[in-house]
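Each remark here refers to the structure printed beneath this line.
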Amino acid sequence: MAGTGVFSEILDGDVYKYYHDGEWKKSSSGKTVAIVNPTTRKTQYKVQACTQEEVNKVMESAKSAQKAWAKTPLWKRAELLHKAAAILKEHKAPIAECLIKEIAKPAKDSVTEVVRSGDLVSYTAEEGVRILGEGKFLVSDSFPGNERTKYCLTSKIPLGVVLAIPPFNYPVNLAVSKIGPALIAGNSLVLKPPTQGAVSCLHMVHCFHLAGFPKGLINCVTGKGSEIGDFLTMHPGANCISFTGGDTGISISKKAAMIPLQMELGGKDACIVLEDADLDLVAANIIKGGFSYSGQRCTAIKVVLVMESVADSLVEKVKAKVAKLRVGPPEDDCDITPVVTESSANFIEGLVMDAKEKGATFCQKYKREGNLIWPVLLDNVRPDMRIAWEEPFGPILPVIRINSVEEGIHHCNASNFGLQGCVFTKDINKAVLISDAMETGTVQINSAPARGPDHFPFQGLKDSGIGSQGITNSINMMTKVKTTVINLPCPSYTMGSSGSSIRSRI
Ligand code: NAP
């Protein structure tokens with residue numbers, strides 16, 4: 001159970017502590033932040049509201065711990081990560097329980113998130129020892145005007161303190177996707193978990209604590225992003241920010257100092273359906289892609305662009321599947337569970353009402369109880385409706401009927417987002433041409449958009465992000481290239497000089 005057994009030391013009364021310098025601590029603020037259970041709409045947990053002074057101290061500890069960690073052999077860093085991964089998986093049940101209570105993630109998906117996170121940490125350890133164990137060797141005579149007198153050795157060095165800020169929807173997985181690469185590359189870490197998802201993150205951090213990482217290397221401060229977020233992201237002690245979330249990331253990137261930024265932001269992933277598509281496959285993917293975790297996924301299908309000639313048939317197939325979705329509490333492992341907050345539910349409702357006023361066709365009756373919103377497919381959506389462009393982050397999916405492929409590509413590219421997209425057709429040549437024309441970081445052919453497997457490169461164009469994620473890319477992003485140049489007194493060619501010419505020069 002959450003907060004018990006090995007996790008009892010992270011709890012003080014009914015308030016979870018924050019993690020600094022290898023210890024679980026109470027904030028001197030005396031204030032707490034309540035985490036409201038999306039299902040019951042009652043306070044489920046409380047966490048510390050950390051102060052700016054505490055953030056300063058955390059940054060100092062992270063800075064000094066990093067110096068020693070950078071000198072720790074790569075194989076030892078990997079060994080500790082493997083240990084943390086195993087502990088994380090061993091404690092999947094209490095962490096999954098937190099996910100269910102904090103973010104209303106269906107029970108099975110909650111367990112999957114923790115197991116997938118353990119796998120990600122192990123894979124990161126393995127990938128790290130390979131790619132950080134190798135450098136480059138360059139010679140000067142490949143550049144015009146140069147002789148072979150310079151040998152350049154390159155290696156990858158850590159950046160320092162990485163500030164990691166994940167979003168609510170995958171608080172554990174998107175935290176470890178930053179923690180793993182940061183640590184294997186020799187960085188230290190300051191984690192600011194999302195408020196909804198903070199307690200899941202604190203349990204996950206305790207697994208790293210139990211693995212025996214050095215004091216101060218991993219730290220976790222809690223509090224509302226709106227209160228301590230700016231202080232953290234503009235802190236001179238942060239040498240890199242890895243952020244996943246919504247528009248907040250755009251404002252962070254404008255305010256942050258001259259440090260590397262990894263921003264994985266929102267999306268409006270389009271699903272383009274051609275006339276020759278396998279409509280049963282499309283319908284199954286629309287259900288999985290559009291309605292899993294109630295549409296609260298960055299890579300959810302957020303608009304269907306279907307050729308008019310097959311639209312009636314596709315809508316009927318999707319409607320039949322929507323009718324079978326189980327709506328209810330996450331504990332019962334329902335397909336559609338309450339959305340994360342009341343304000344989120346209100347926002348979704350605003351999009352639905354706008355579409356209603358402007359004449360969209362409702363394939364199901366709109367129904368809401370508290371934060372629980374029943375799934376709705378909106379047909380005949382037009383570009384003047386907000387739902388055509390905005391990210392609902394809820395179980396509402398718009399269908400726009402198109403008369404040409406170009407119309408579909410145009411709608412996709414007119415979005416300010418460019419995360420992923422997908423195209424369904426049996427013609428691989430058309431699929432590739434459409435994929436190339438779509439201005440998105442990834443295009444899936446004949447499947448719904450998805451972030452995983454976690455080692456695949458993952459990136460958004462335009463307002464969807466800066467940089468690229470995926471295990472290898474994240475490790476590279478959290479390092480800087482260092483070069484050492486050996487200058488020789490004369491050109492030297494492997495096996496290319498006679499001994500006498502060398503003797504005359506040295
Ligand atoms: P969010 O509101 O942007 O919050 C993300 C994180 O930022 C949370 O930890 C939040 O903390 C923190 N935060 C808030 N204000 C801050 C500030 N001023 N400075 C620093 N941090 C601040 O996003 P969300 O609602 O949690 O997540 C949903 C969004 O994430 C969607 O737009 C979704 O598409 C996107 N997302 C993108 C990806 C991707 O990889 N591209 C993956 C998943 C989700 P608090 O919770 O305390 O406010």
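Mapping the sequence shown onto the numbering used here, position 99 (from 1) lands on 99, and the numbers just tick up by one. Glycine included, each C-beta is placed from N, C-alpha and C at the ideal position.
Close-in-space but distant-in-sequence residues of the same chain around residue i (CB under 7 Å, 5 per side omitted)
i: G197; result: E102, I103, F168, P171
i: N285; result: S447, A448
i: I252; result: T233, I241, F243
i: C334; result: P106, R326, V327, G328
Cβ-based neighbour list, residue i, same chain, cut-off 6 Å, excluding 5 preceding and 5 following
i: G408; result: I272, L305, I402
i: G295; result: G394, P395
i: L488; result: T149
i: P375; result: F291, V322, L325, I336, P395
Contact check, residue i vs residue j, beta carbons under 9 Å
i: M59; j: V190; result: yes
i: K480; j: L159; result: yes
i: V205; j: I218; result: yes
i: G350; j: T337; result: no
i: L80; j: G212; result: yes
i: A2; j: K31; result: no
i: P214; j: L202; result: no
i: A320; j: A283; result: yes
i: E245; j: L232; result: For the sequence presented, residue 245 should be read as Gly rather than Glu. It is not a contact, given that the beta carbons lie outside the stated cut-off.
i: T149; j: P491; result: yes
i: M478; j: A270; result: no
i: G128; j: P181; result: yes
i: P398; j: A345; result: no
i: D379; j: V315; result: yes
i: I400; j: A414; result: no
Simplified DSSP assignment, three categories, for residue i
i: N187; result: coil
i: S219; result: Note that residue 219 is Asn in the sequence shown here, rather than Ser. Strand.
i: F143; result: coil
i: P398; result: strand
i: L11; result: strand
i: G5; result: helix
i: A270; result: strand
i: V121; result: helix
i: A256; result: coil
i: Q364; result: coil
i: H82; result: helix
i: Q66; result: helix
i: W75; result: helix
i: L153; result: strand
i: P201; result: The sequence given here places Cys at residue 201; Pro does not occur at that position. Of the three classes helix, strand and coil, the one that applies to C201 here is helix, per DSSP.
i: D384; result: coil
i: Q196; result: coil
i: F213; result: coil
i: F393; result: coil
For residue i, the first and last residue of its enclosing beta strand (DSSP E)
i: G229; result: Taken as a continuous stretch (DSSP letters only), G229 belongs to no beta strand (DSSP E), being part of the alpha helix (DSSP H) at 225-233.
i: A437; result: Where A437 is concerned, there is no enclosing beta strand (DSSP E), although the alpha helix (DSSP H) it sits in stretches over 428-437.
i: A164; result: 161-165
i: T32; result: 32-36
i: T299; result: Here T299 belongs to no beta strand (DSSP E), and DSSP marks it neither H nor E.
i: D379; result: 376-379
i: V47; result: 43-48
i: G421; result: 420-424
i: M263; result: 261-264
i: T442; result: 442-445
Endpoints, the alpha helix (DSSP H) within which residue i is located
i: F458; result: Unbroken run through F458: none, as it is neither H nor E.
i: I409; result: 405-414
i: I475; result: 471-477
Burial state of residue i, where buried means 16 or more other Cβ atoms lie within 10 Å
i: V432; result: exposed
i: F7; result: buried
i: I428; result: exposed
i: K108; result: exposed
i: C298; result: buried
i: W75; result: exposed
i: F137; result: exposed
i: A93; result: exposed
i: V121; result: buried
i: F208; result: buried
i: M307; result: buried
i: C152; result: exposed
i: R130; result: exposed
i: I486; result: exposed
Chain D contact for residue i (CB, 9 Å cutoff)
i: I486; result: Judged by its chain identifiers, the structure shown contains no chain D, having just a single protein chain.
Sequence-distant residues of the same chain with beta carbon closer than 8 Å to residue i, five excluded per side
i: N146; result: S140
i: Y16; result: G3, I10, Y45, K46, V47, Q48, A198, V199, L202, T222
i: V161; result: M59, A62, K63, Q66, N187, S188, L189, V190, G237, A238, N239, C240
i: D463; result: D247, I250, L265, G266, N416, F417, G418
Any non-hydrogen atom of ligand 3 closer than 8 Å to residue i Cβ
i: L202; result: What this structure holds is ligand 1, not ligand 3.
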